[in-house]
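Just so it is clear: in the sequence shown, position 70 is 243 by the numbering used here, and no numbers are missing.
For each residue, glycine too, the CB sits at the ideal point set by N, CA and C.
Below you'll find the structure, written out as structure tokens, and then a few comments.
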Amino acid sequence: MSYVTETIHGAVVTGGELTTAGDVKLDIKTIREQIPEHCFRPSTLRSMSFVVRDLSIFIGLLYLALHVERTANTYVSFLTRYVAYPYAAGIAMTGLWVLAHEAGHGAFSTNKKVANTVGFIIHSALMSPYFAWRSSHARHHQFANNVSIDLNYVPPSREEYRTLFRGSKGQNEKTLKEAIHGGESEHGQDMLTDNFEDAPFVVFLRIILQQVIGWHWYLISHITAGPNSVSRTALIHVGTSVPWEILDSIA
């Protein structure tokens, strides 16, 4: 069987057969061979058109917000400046950030210098360290789901959550047992975590902590990285060869 992919290329891709007989062995080479060849040849012109599109949206929103600020009453002007415009502009700027993200992955252009130059300019404008992030993010993809050496985010284990909840000396254990009507302390901690970790207020607090403290803390100390990924005291997010790659990329 075959189908037409939903891309501008309109390439026809031969479908495969699903099987449940025996062990199914997949490796990167096998998967890559099933991906149409054009997917590995990004169009610089099309990528730049997305940059122009998102930048135009951002500039248009800025112009509209300034116009409303000058002509509308105080209440509407306030809502536009501090609610509507930041939200709408943030969407356009996120689009620009993602395009620089794709440049870091090599999916923006086949020309490495073009990709890195565009990515560096966009991420710098958005206060993101492009080359350092590109290096650490590539390592994250290489070791994704490896709880020991993933460089981006390794969630705390259940025991680490318990320790964090009850304190290093377990001072809250007795109170917790009473709170759950005499149940086991660890079971109670699991119950509280499961019931409240996705509560809107808890999620809101986590977002605030992540944006205000967590992001900067990660840049300084790899706070959420795996225990064996890098030294937490190393104030660098790039490999030893990357500085030379940076100079070569933009020279």
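If the five residues before and after histidine 310 are omitted, its C-beta is found closer than 6 angstroms to no C-beta atom of its own chain. Of the residues Gln207, Gln384, Phe231, the one whose Cα lies closest to the Cα of glycine 263 is Phe231. Going by C-alpha positions, alanine 298 is about 14 angstroms away from phenylalanine 304. For a cut-off of 8 angstroms, the C-beta gap from serine 222 to serine 282 is around 12 angstroms, too long to register as a contact. Taken through DSSP and simplified to helix, strand or coil, aspartate 371 comes out as coil. Proximity to tyrosine 236 across Thr253, His314, Lys202 peaks at Thr253, based on C-alpha coordinates. Arginine 214 and leucine 392 have their C-alpha atoms some 32 angstroms from each other. Assignment of aspartate 323 by DSSP, reduced to helix, strand and coil, places it in the coil class.
A direct Cα-Cα distance of roughly 9 angstroms separates leucine 228 from glycine 268. By the criterion of a C-beta distance shorter than 6 angstroms, valine 291 is surrounded in its chain by Ala276, once the five residues flanking it on both sides are discounted.
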